[in-house]
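Participant: Following this message is one structure expressed as C-alpha cells.
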Amino acid sequence: MATVLDIAKRNPNAAPVAVSDAARAAGANALSIEKTAELNVVAGAAPGGASLVGLTRDQLKDSLAAIGVPEREHKMRVAQLWHWIYFRGAKDFSEMTNVGKELRAKLADAYTLARPQVISEQVSKDGTRKWLIRMASTGPLDKGAEIECVYIPETDRGTLCVSSQVGCTLTCSFCHTGTQRLVRNLTSAEIVAQLIVARDMIGDWPDATPPEGAFVPNDGGRFVSNIVFMGMGEPLYNPDDVIAAIDVMSDGEGLTLSRRRITVSTSGVVPQMERLGAEANTMLAISLHAVRDDLRDVLVPINRKYDIKQLLDACRAYPGLSNARRITFEYVMLKGVNDSDADARELVRLLKGIPAKINLIPFNPWPGSKYECSDWERIERFSEIVYRAGYASPVRTPRGRDILAACGQLKSETEKLRARARMMAEQGIGAEGVYAVGNGE
Ligand code: SF4
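In terms of my numbering, the sequence shown opens at residue 1 and continues consecutively.
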C-alpha cells in the first residue's frame, strides 16, 4: 500500500500505476494523501489521435510531416492552420480558403477538427454554465474520459474554469472532487479543447453570436477573457501538459489570452511552483485553507509532504512576484474549523512580506460533506481583520451553486445524476426530469 502512495511523492510526473481495489481501500484507510491513476495517456497526443484541435505548433508540424507536406512549407502551413483553428474557430478544412484544395483534401483524409463531445450543459440562474465534456477515446481500455468545465460570466469579464486531470490524486477533505479516484491526466490538447468548446458554446469566435438569452460580458471584450485552473485535478501534478496548454491559449496569433489573465491554482506542489512561474509566467493561486500545520494536514493533506513554511517560502520565491502580480490565497470558510479571529490574525502574520490577495470562499456543501459554511457575520469579521492588515480580502460570491458548479463541487454530482438517470431510465422516466431534479438541489 505504501508503495502505491509513494509513487507520486517520489516523482510527480511518474507514469501512474493501476492498483487493485484492495490496495486502494487500504490506502484510503490510511488517510492517503494521494490516489493513483488508472490509465495513462501519452502527453501531447491528439484526442482520438486524429483531431488537430488543441495541438501545439510542434504537434501540428509533426502532423503535416506525417502526411508528406515538405519541410520547407511547415512554418507557413502551421501558421495557416493556427489561424483557422485558434483565431477563427474553423470546424471544417473546407473553411480554410487560403490553403490549396489539394492540401485541404489531404488534411481532411487524415485528420479532423473534431471537438470533445458536450454531453450536457446546465445553465445556472446566475448565468454560469457547466458543461460535461467527454474526451475522445484513447484506446480500447478508455471509453472517453469525462470532465467538467465551468463558464462564469460577469459584466466585465468571462472566466472559464478548466480541469487538468480526470478526478484528482489528492484528497482535500472539504472538496467533492477529492472523493473521486484519479482516472488520468489530461493532455495539453484536451486542456486547450475545453476553451475551444466554451467558445463554440457561447459563440466567442469572429462572426459568431451567443446563444439566445446567454449572459456574456458586455464591455466589448472576449466572452472568455480569463482562465482559472481550478476545475478537477491538481495542475502541478500534470505540469508538462498544463504549461504546453498555456502556451497555446496565450499565443498572440490564436486564442490570445493574456498570461496575466490565466491563474493556476495549486494545493501546494512546492517543487513545481518555480517552474510554473519561470515557464508559464501565469498568476498563481494557493489553496491555503488553514494557518496551522495540524489543521492543514487534514484539510489539504499534501501539507504533510510540503508544510506551510515550505509552501510560503516557495511563494516568496515565485518568479515575477510583485505588487502588480500578487499571489491569491484561497481560504474556504468552514464553521468552527478555521474561521476564528485568531486564525485571521495568524493568516496575516504568515503572509507578511508576500504581495497577496486573500479570497474568502464560503464553503459550498455537497452531499455527505462533514463541514458547514461559516455564518455570514463570521466571514465578515474574518474579512475585516485581514483587510485592516492591508490585504484585499474579497468574499467570493458563490456562482452556479444551483447546478453544482461552484468551487469544490465538480464532477461527483454528475456521476450521481447519471447513476440516478440510469435508475430512472429503467423506470421509464426521461433524463430531462433527472436534470430538473438536480438543478433544484
Ligand atoms: S481541492 Fe483541488 S487538489 Fe484538493 S482534492 Fe479538490 S480538486 Fe484535488
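Cβ atoms here follow ideal geometry from the backbone N, Cα and C, with glycine treated the same way.
Which residues mark the beginning and the end of the alpha helix (DSSP H) in which residue 180 is found?
Facilitator: The count along the sequence shown starts at 1 and reaches residue 180 at position 180. Counting along the chain, residue 180 falls outside any alpha helix (DSSP H), and DSSP gives it neither H nor E.
Participant: Smallest Cα separation from residue 216: which of 195, 240, 128?
Facilitator: In the sequence shown, the residue the question calls residue 216 occupies position 216. Minimum Cα distance to residue 216 is reached at 128.
Participant: If you measure between the beta carbons of residue 401 and residue 364, is that distance less than 8 Å?
Facilitator: Residue 401 sits at position 401 when you count from the first residue of the sequence shown. Residue 364 sits at position 364 when you count from the first residue of the sequence shown. It is a contact, given that the beta carbons lie within the stated cut-off.
Participant: Nearest to residue 297 by CA position, among 155, 350, 174, is which residue?
Facilitator: Here residue 297 corresponds to residue number 297 of the sequence shown, with the count starting at 1. Cα-wise, what sits closest to residue 297 is 174.
Participant: By how many angstroms is the C-alpha of residue 326 removed from the C-alpha of residue 260?
Facilitator: Looking up residue 260 in the sequence shown gives position 260. Looking up residue 326 in the sequence shown gives position 326. Rounded to the nearest angstrom, the two C-alpha atoms are 11 Å apart.
Participant: Mind checking residue 170: buried by the 16 CB within 10 Å criterion, or exposed?
Facilitator: Sequence index remark: in the sequence shown, residue 170 carries index 170 (1-based). Flag for residue 170 reads buried.
Participant: Which residues have their C-beta within less than 5 Å of a heavy atom of ligand 1, listed in chain order?
Facilitator: Residues flagged by the Cβ proximity filter: 168, 170, 172, 175, 177, 178, 234, 267.
Participant: So, residue 302 versus residue 265, is the Cβ gap smaller than 8 Å?
Facilitator: Position 302 of the sequence shown holds residue 302. Position 265 of the sequence shown holds residue 265. No; because the gap between Cβ atoms is not below 8 Å, this pair is not in contact.
Participant: In terms of DSSP beta bridges, what is residue 295 paired with?
Facilitator: As a working mapping, residue 295 is identified with position 295 in the sequence shown. BP columns for residue 295 are empty, so no partner.
Participant: Return the chain-ordered list of same chain residues with a C-beta closer than 7 Å to the C-beta of residue 92, the five sequence neighbours on each side being excluded.
Facilitator: Locating residue 92 in the sequence shown gives position 92, where the first residue counts as 1. Closer than 7 Å at the Cβ level, and outside the excluded window around residue 92, lie 113.
Participant: In whole angstroms, give me the CA-to-CA distance for residue 138 and residue 276.
Facilitator: Along the sequence shown, one-based indexing puts residue 138 at 138. Along the sequence shown, one-based indexing puts residue 276 at 276. The straight-line gap from Cα to Cα measures roughly 27 Å.
Participant: Residues in the same chain with beta-carbon distance under 8 Å from residue 446, minus the five sequence neighbours each way, listed in chain order, please.
Facilitator: Here the chain comprises residues numbered 1 to 441, so residue 446 is not present and cannot be evaluated.
Participant: Can you grab the Cα-Cα spacing for the pair residue 222 / residue 397, in whole Å?
Facilitator: As a working mapping, residue 222 is identified with position 222 in the sequence shown. As a working mapping, residue 397 is identified with position 397 in the sequence shown. Each residue's alpha carbon lies about 22 Å from the other.
Participant: How about residue 182 and residue 172: are their beta carbons less than 8 Å apart?
Facilitator: For the purposes of this step, residue 182 is taken as residue 182 along the sequence shown, with counting starting at 1. For the purposes of this step, residue 172 is taken as residue 172 along the sequence shown, with counting starting at 1. For residue 182 and residue 172, no; Cβs fall outside 8 Å.
Participant: Classify residue 72 as buried or exposed, calling it buried when 16 or more other Cβ atoms lie within 10 Å of its own Cβ.
Facilitator: Locating residue 72 in the sequence shown gives position 72, where the first residue counts as 1. Burial call: exposed.
Participant: Residue 336: buried (16+ other C-beta within 10 angstroms of its C-beta) or exposed?
Facilitator: Here residue 336 corresponds to residue number 336 of the sequence shown, with the count starting at 1. It is exposed - the Cβ of residue 336 has fewer than 16 other Cβ atoms within 10 Å.
Participant: Between 370, 291, 369, 299, which lies nearest to residue 352 when the distance is taken from Cα to Cα?
Facilitator: Looking up residue 352 in the sequence shown gives position 352. Among 370, 291, 369, 299, the Cα nearest to that of residue 352 belongs to 291.
Participant: Below 8 Å on the Cβ atoms is my guess for residue 359 versus residue 329; work out the distance and round it to an integer in Å.
Facilitator: Start at 1 with the first residue of the sequence shown, and residue 359 comes out as number 359. Start at 1 with the first residue of the sequence shown, and residue 329 comes out as number 329. The pair is a contact, with the Cβ atoms about 7 Å apart (cut-off 8 Å).
Participant: Among the residues of its own chain, which have a CB less than 8 Å from the CB of residue 149, if the five just before and after it don't count?
Facilitator: For the purposes of this step, residue 149 is taken as the residue at position 149 of the sequence shown. Within the same chain, residue 149 has close Cβ partners 130, 131, 133, 160, 161, 162, 163, 194, 197, 198, 231.
Participant: Between which residues of its own chain and residue 443 is the CB-CB distance below 8 Å, once the five residues before and five after are set aside?
Facilitator: The structure shown does not extend to residue 443, since the chain is modelled only from 1 to 441, so the question has no answer here.
Participant: So the alpha helix (DSSP H) residue 75 belongs to, where does it begin and stop?
Facilitator: In the sequence shown, counting from the first residue as 1, residue 75 sits at position 75. Residues 74-82.
Participant: Spatial neighbours of residue 140 within its chain, please: C-beta separation below 8 Å, excluding the five flanking residues on both sides.
Facilitator: Within the sequence shown, the letter at position 140 stands for residue 140. If we look at residue 140 and ignore the five residues flanking it on each side, it has no Cβ neighbours.
Participant: What's the gap between the Cα of residue 56 and the Cα of residue 339?
Facilitator: Counting from 1 along the sequence shown, the entry for residue 56 is found at position 56. Counting from 1 along the sequence shown, the entry for residue 339 is found at position 339. So the alpha carbons of these two residues sit roughly 44 Å apart.
Participant: For residue 229 and residue 235, I'd like the C-alpha separation in whole angstroms.
Facilitator: Walking along the sequence shown from the start, residue 229 turns up at place 229. Walking along the sequence shown from the start, residue 235 turns up at place 235. Roughly 7 Å between the two C-alpha positions.
Participant: Are any of the Cβ atoms in chain B nearer than 8 Å to that of residue 199?
Facilitator: No chain B is part of this structure, which consists of one protein chain only.
Participant: Report the rounded CA-to-CA distance for residue 212 versus residue 293, giving the unit in angstroms.
Facilitator: In the sequence shown, the residue the question calls residue 212 occupies position 212. In the sequence shown, the residue the question calls residue 293 occupies position 293. The alpha-carbon atoms of residue 212 and residue 293 are separated by roughly 49 Å.
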